[in-house]
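Visitor: One structure, as structure tokens, below. Some questions next.
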Amino acid sequence: MALVSEFLGQLTLSFGSGESTYPTVLPYPDFDPDKDAARIETAIKTKGVDEQTIIDILTKRTYEQRREIAFAYERRAKKDMISALKAALSGSLEAVILGLMKSTSQYDASEIRGSIKGLGTDEETLIEILCSRSSTELQEIKKVYRELFKKDLEKDVSGDTSGDFAKLLLALVETKRDEPSSVVDYEKIDEDARALYDAGVKRKGTDVKTWISIMSERSVPHLQKVFERYKSYSPYDMQESIRKEVKGDLEKSFLTLVQCFENKQLYFANRLQDAMKNKGIKEKVVTRIMVSRCEVDLKKIRSEFKRQHGKSLYQTIAEHSKGDYQMVLLSLCGGDD
Ligand SMILES: [Ca+2]
58 MALVSEFLGQ
68 LTLSFGSGES
78 TYPTVLPYPD
88 FDPDKDAARI
98 ETAIKTKGVD
108 EQTIIDILTK
118 RTYEQRREIA
128 FAYERRAKKD
138 MISALKAALS
148 GSLEAVILGL
158 MKSTSQYDAS
168 EIRGSIKGLG
178 TDEETLIEIL
188 CSRSSTELQE
198 IKKVYRELFK
208 KDLEKDVSGD
218 TSGDFAKLLL
228 ALVETKRDEP
238 SSVVDYEKID
248 EDARALYDAG
258 VKRKGTDVKT
268 WISIMSERSV
278 PHLQKVFERY
288 KSYSPYDMQE
298 SIRKEVKGDL
308 EKSFLTLVQC
318 FENKQLYFAN
328 RLQDAMKNKG
338 IKEKVVTRIM
348 VSRCEVDLKK
358 IRSEFKRQHG
368 KSLYQTIAEH
378 SKGDYQMVLL
388 SLCGGDD
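Right, here's the structure in full:
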């Protein structure tokens with residue numbers, strides 16, 4: 058019975074490839090965009106800015122609702138709400154609020170753009186986004202990227218990276234991954250497991266091309282079974298094999314992929330923990346995960362976090378942040394566990 062009620066208790070929405078979602082930000086029930094817009098207008102005009110009201114409203118409305126508020130705001134104030142928020146807020150709070158004014162795919166596209174434009178590349182951000190998003194999400198990101206920046210994500214990614222790392226990212230962005238099938242193909246599972254072993258641990262050097270094609274083209278449920286099967290060929294599991302065979306950004310990318318295939322929410326929970334394991338907080342990472350996952354699977358990330366680290370995400374954020382930034386993160390977190 059516990060299982061049934063637990064299942065019914067989860068709000069599961071479905072989109073695209075039939076993935077379940079576990080958001081912490083839900084549609085606000087008594088939604089009145091005009092009233093919200095008026096409150097935000099007053100909060101912006103308040104001397105010193107009333108951040109609390111802005112946070113209370115925008116973290117408790119979905120993206121669709123925030124958009125409606127922005128339209129209502131523009132009608133009444135005769136100016137753009139995003140520009141007004143930008144002028145009124147600053148620092149980490151501004152980054153979160155402006156992030157929330159984008160859709161999840163617009164946000165991802167902007168984070169990718171930010172990580173490659175200008176001098177140098179923020180590989181960590183690129184790896185996190187490109188190796189964790191589903192094919193459906195990546196297709197949407199590509200589309201939005203073209204709309205927002207009039208550029209090709211494939212070209213930008215391969216132009217800014219090099220070697221096997223570039224080949225892997227490009228293969229992911231090309232979104233050639235199979236849809237999950239209802240039929241389990243044991244022969245193919247065995248074949249892929251053996252191919253991964255032959256291309257890596259078994260031989261001198263690594264046939265990275267084979268690894269890339271299997272990991273970028275097979276469906277996630279198939280790969281989960283491949284990694285199980287893999288253990289019957291290799292003395293090391295897939296993650297250990299990756300650590301032994303490749304290095305640097307390529308190693309990080311393969312590890313992120315495999316961790317996400319196995320348990321995506323645990324991957325994000327560990328990223329969050331890692332960003333808050335020392336005194337202080339890696340704001341960029343925490344902001345990105347909280348903003349990009351709050352309408353996707355943050356609720357499940359929270360439970361993985363508690364299970365893995367023994368302390369709730371809420372408590373951890375509370376200890377590592379302060380002020381308005383803390384307030385906005387805790388509100389997105391949506392509760393203690
Ligand atoms: Ca080898």
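In the numbering used here, the protein residues as written are 58 to 394. The C-beta atom is built at its ideal place from N, Cα and C for all residues, glycine as well.
1) Using the Cα positions of L210 and K304, report the straight-line distance between them to the nearest angstrom.
2) For my contact list, L323 and E361 are in at a C-beta cut-off of 8 angstroms; report their separation, rounded to the angstrom.
3) Cβ-heavy atom distance between T344 and ligand 1 below 7 angstroms?
4) Within 8 angstroms (strictly less), CB to CB, does S149 reach chain B?
5) Mapping the DSSP letters down to three states, classify T78 as helix, strand or coil.
6) Round the Cβ separation of S149 and E340 to the nearest angstrom and send it over; I've been treating them as touching at under 8 angstroms.
7) Among the candidates D394, R203, G391, V385, whose CA atom is the shortest distance from the CA of Q109?
8) Excluding the five sequence neighbours on either side, which residues of its own chain have a C-beta within less than 7 angstroms of the C-beta of A152, listed in chain order?
9) Suppose contacts are defined by Cβ-Cβ distances below 8 angstroms. Is G156 in contact with V348 by that definition?
10) Any idea if S189 is buried or exposed, counting beta-carbon neighbours within 10 angstroms, 16 or more meaning buried?
11) Three or more C-beta pairs closer than 8 angstroms, one from the stretch 113-132 and one from the stretch 169-183: is that the case here?
12) Should V241 be labelled buried (16 or more other beta-carbon atoms within 10 Å of its own) or exposed?
13) Helix, strand or coil for R170 per DSSP?
14) Cβ of T263 within 7 angstroms of any heavy atom in ligand 1?
15) List the whole-angstrom C-beta distance separating F4 from V353, where the pair is believed to meet the contact cut-off of C-beta under 8 angstroms.
16) For the alpha helix (DSSP H) holding E131, just list the boundary residues, first then last.
17) Between the beta-carbon of A141 and the beta-carbon of I101, is there less than 8 angstroms?
18) Closer than 7 angstroms: is that where the CB of V258 sits relative to any heavy atom of ligand 1?
19) Give the straight-line distance between the Cα atoms of L253 and K301, rounded to the nearest whole angstrom.
20) Note the first and the last residue of the continuous alpha helix (DSSP H) segment covering P292.
21) On a Cα-Cα basis, can you pick out the residue from E197, Q196, K224, Y164 that is closest to T182?
22) Can you tell me where the alpha helix (DSSP H) holding D87 begins and where it ends?
23) Need the endpoints of the alpha helix (DSSP H) that C390 sits in, please.
24) Looking only at C-alpha atoms, which of Y382, I374, G380, S369 sits nearest to D393?
25) Nearest to T178 by CA position, among L146, G216, E194, is which residue?
26) Going by C-alpha distance, which of R260, D264, L195, S219 is nearest E231?
Guide: A quick look at the data gives this:
1) 25 angstroms
2) Right, the Cβ-Cβ distance comes to about 4 angstroms (below 8 angstroms), so this counts as a contact.
3) no
4) Protein chains in the displayed structure number just one, and chain B is not present.
5) Strand, per DSSP.
6) 5 angstroms
7) V385
8) T344
9) yes
10) buried
11) The stretch 113-132, when compared against the stretch 169-183, does not touch it at the 8 angstroms Cβ threshold.
12) exposed
13) In the structure shown, R170 sits in a helix (DSSP, three-state: H, G or I).
14) yes
15) There is simply no residue 4 to check, as the chain begins at 58 and stops at 394 in what is shown.
16) Here the alpha helix (DSSP H) through E131 covers 120-134.
17) yes
18) yes
19) 13 angstroms
20) Run containing P292: none; DSSP gives neither H nor E here.
21) Closest option to T182, Cα to Cα, is Y164.
22) Looking at the DSSP string, D87 is not in any alpha helix (DSSP H), and its letter there is neither H nor E.
23) Note, C390: alpha helix (DSSP H), 380-390.
24) S369
25) G216
26) L195
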